[in-house]
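S.K.: Just so it is clear: in the sequence shown, position 242 is 242 by the UniProt record's numbering, and no numbers are missing. Ideal Cβ placement from N, Cα and C applies to all residues, glycine included.
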Amino acid sequence: MAKVKTKFICQNCNTSYPKWVGKCENCGSWNTLVEEIIEDNKGKNAIAKSEGMGKRIISYGLDEVILGDSQERISTGFGELDLVLGGGILPAGVILIAGQPGIGKSTLLMQICGFACKNHKILYISGEESASQVALRSKRLGVYNTGLKFASSTSADDIAETINTDNFDLVIIDSIQTLAMKEVSSASGTVSQITNSSNLIMNAAKKNNTAVILVGHITKEGSIAGPKTLEHMVDVVLNFEGDRYGGFKVVRAVKNRYGSTSEAAIFEMDNNGLKIVKNPSQALLAERQNTDGSIIMATLEGGRPLLVEVQALVTKSSFGYPKRTVSGFDLNRLNLLVAVLNQRTKLDLSDKDIFVNVVGGLKLNDHASDLAICMAIASAAAGRKLDDGVVVFGEVGLSGEIRIAKQTDKRVQEAKKLGFTKAIAPAHKDSKDQFIKPVKDLREALIKYLQ
Ligand code: TYD
Ligand code: MG
Numbered sequence: 001m002a003k004v005k006t007k008f009i010c011q012n013c014n015t016s017y018p019k020w021v022g023k024c025e026n027c028g029s030w031n032t033l034v035e036e037i038i039e040d041n042k043g044k045n046a047i048a049k050s051e052g053m054g055k056r057i058i059s060y061g062l063d064e065v066i067l068g069d070s071q072e073r074i075s076t077g078f079g080e081l082d083l084v085l086g087g088g089i090l091p092a093g094v095i096l097i098a099g100q101p102g103i104g105k106s107t108l109l110m111q112i113c114g115f116a117c118k119n120h121k122i123l124y125i126s127g128e129e130s131a132s133q134v135a136l137r138s139k140r141l142g143v144y145n146t147g148l149k150f151a152s153s154t155s156a157d158d159i160a161e162t163i164n165t166d167n168f169d170l171v172i173i174d175s176i177q178t179l180a181m182k183e184v185s186s187a188s189g190t191v192s193q194i195t196n197s198s199n200l201i202m203n204a205a206k207k208n209n210t211a212v213i214l215v216g217h218i219t220k221e222g223s224i225a226g227p228k229t230l231e232h233m234v235d236v237v238l239n240f241e242g243d244r245y246g247g248f249k250v251v252r253a254v255k256n257r258y259g260s261t262s263e264a265a266i267f268e269m270d271n272n273g274l275k276i277v278k279n280p281s282q283a284l285l286a287e288r289q290n291t292d293g294s295i296i297m298a299t300l301e302g303g304r305p306l307l308v309e310v311q312a313l314v315t316k317s318s319f320g321y322p323k324r325t326v327s328g329f330d331l332n333r334l335n336l337l338v339a340v341l342n343q344r345t346k347l348d349l350s351d352k353d354i355f356v357n358v359v360g361g362l363k364l365n366d367h368a369s370d371l372a373i374c375m376a377i378a379s380a381a382a383g384r385k386l387d388d389g390v391v392v393f394g395e396v397g398l399s400g401e402i403r404i405a406k407q408t409d410k411r412v413q414e415a416k417k418l419g420f421t422k423a424i425a426p427a428h429k430d431s432k433d434q435f436i437k438p439v440k441d442l443r444e445a446l447i448k449y450l451q
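(1) Looking at residue 271 and the ligand TYD, is the gap between the Cβ and the nearest heavy atom below 8 Å?
(2) Assuming residue 340 contacts residue 398 (C-beta within less than 8 Å), just tell me the rounded distance between them.
(3) Whole angstroms are fine: how far does the CA of residue 86 sit from the CA of residue 499?
(4) Output yes or no for whether 9 Å exceeds the beta carbon distance between residue 156 and residue 181.
(5) Excluding the 5 residues preceding and the 5 following residue 95 in the sequence, name in chain order all residues of the same chain whose CB lies nearer than 6 Å to its CB.
(6) At the level of alpha carbons, what is the spacing between residue 166 and residue 153?
(7) If contact is defined by three or more beta carbon pairs under 8 Å, each pair taking one atom from either stretch, is the stretch 317-328 in contact with the stretch 99-114?
(8) Do you know offhand how far residue 141's Cα is from residue 448's?
(9) Specify, as a first and last residue, the run of the alpha helix (DSSP H) that residue 132 falls within.
(10) How big is the Cα-Cα spacing for residue 281 and residue 307?
(11) Compare the Cα-Cα distances from residue 443 to each of 396, 168, 422 and 133 and report the closest residue.
(12) Runs of 3 residues minimum, wholly inside the UniProt domain "RecA family profile 1" (70-218): which ones carry the beta strand (DSSP E) assignment?
(13) For the ligand MG, which residues have a Cβ under 6 Å from at least one heavy atom, in chain order?
(14) How far does the alpha helix (DSSP H) with residue 342 in it reach, from first residue to last?
(15) DSSP on residue 33, reduced to helix/strand/coil?
(16) First and last residue of the beta strand (DSSP E) that includes residue 299?
(17) Let me know the secondary structure DSSP gives residue 233 once reduced to three states.
(18) Which one of 187, 144 and 134 has the shortest CA to CA distance from residue 173?
(19) Going by beta-carbon coordinates alone, are residue 349 and residue 373 separated by less than 9 Å?
(20) Residue 179: beta carbon under 8 Å from a heavy atom of the ligand TYD?
(21) Quick check on this structure: which residue in 266, 201, 356 and 291 has the alpha carbon closest to the alpha carbon of residue 210?
(22) Does the ligand TYD have even one heavy atom less than 8 Å from the beta-carbon of residue 141?
(23) Kindly indicate which three-state DSSP category residue 13 falls into: helix, strand or coil?
(24) Find out if the Cβ-Cβ distance for the pair residue 21, residue 195 is shorter than 9 Å.
(25) Contact between the stretch 115-128 and the stretch 254-265: three or more CB pairs below 8 Å?
(26) Taking 8 Å as the line, does the beta carbon of residue 252 fall inside it for any heavy atom of the ligand TYD?
(27) Less than 8 Å separating the Cβ of residue 213 from some heavy atom of the ligand TYD?
(28) Could you tell me the distance, in whole angstroms, from the CA atom of residue 419 to the CA atom of residue 287?
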């Protein structure tokens, strides 16, 4: 068979190239070329030829549609993860789970298999690890002799064919970056291989009512490796975040066609694999010592309130340019908050190195962390600590004003449950609760509580 002719098209500006290049010379964007098959005689006078070729589309009311939701979902065995998925894995749903190497993707999927293969026919395909490696892990996780099927393959064509013929309920592919399709000549892991391979597999999955979980890698910058279109194509995108070396690991949905994206599942890794953390706030606060620079913040992880310790260290810069380092929070946001502290309060941080750490490997995405970060820095700079039993939350604006945090009630409830006695937070409109000690701006907060 003759090799199929292909060309490379920039997805940004539609320029076509005979060979792959990293940068599009026309628009200057990187990594946007996608391989496409050249089909002769098509495209010529396409519009003229197409006139009158279409058929009238028959439309119908949405209430006439048969809802797919009545189908039984596949439970993962982790109640919290089922919630994140919107009630479990939907048949024919395609899920992409992405995370850093070593965070525990393969482990989590193996555990899901162990639970779900009691009632479902499941195939685990690995392109990264050998059969004996996977078998060893499955033995450790107690999934060794449960009827789970395993195959080692990197061929998207073979996998699609297997889905078409073998009637599996769930197929797990570890990982999408290792797949390749015969028709596409570029190496596995490239944009065109990922797009075409996953398209092929997704079509097979939808046709055969098979659910598919794809494992995705993550780039240095933290986004999912491969084309953005992959995230558009799949039904659910799960992010697996956290510290590789211990600490908590959080699975959250960044996209979900079948449920909300406001849930999160918190895991911990031990010798027997991943476990749901039942009471994360308590575990996070267990080792806390109240010193200067340490603040307890009431945040929300998914829809769940969570108390986390934020630590700051402020030292004199030994070089001209002050250094700002952060773990578990956005560095740009930290720089912004330091600037606000500098301008709107009497604190002078221009010749100070600042280090901020969120305990437990968590990453704070909540705007209400602002006040806690500011107070941790101020507390470290002044060498003064807050009273025991104080939690902090609230968003900080550029003029130093403290803005309302969403779901204040949930945060307050969690703090009360764990024995805290007051919250430094923005004023809550309809709360006569004495628990909240309202502050209007950063200055007021620092003068009242850290002087
Ligand atoms: P893995 O699931 O292979 O990560 P990923 O597929 O995301 O790259 O493994 C994650 C880490 O977890 C690995 O370094 C070993 C460790 N681990 C445990 O601590 N306990 C266990 O039971 C297992 C299976 C792995
Ligand atoms: Mg893996």
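M.R.: On the basis of the coordinates in this document:
(1) yes
(2) 6 Å
(3) Nothing about residue 499 can be read from this structure; the chain reaches only from 1 to 451.
(4) yes
(5) 213 and 236
(6) 16 Å
(7) no
(8) 53 Å
(9) 131-140
(10) 5 Å
(11) 396
(12) 94-99, 122-126, 149-152, 170-174 and 211-216
(13) 105, 106, 128 and 174
(14) 331-344
(15) strand
(16) 294-301
(17) helix
(18) 134
(19) no
(20) no
(21) 201
(22) yes
(23) coil
(24) no
(25) no
(26) no
(27) no
(28) 16 Å
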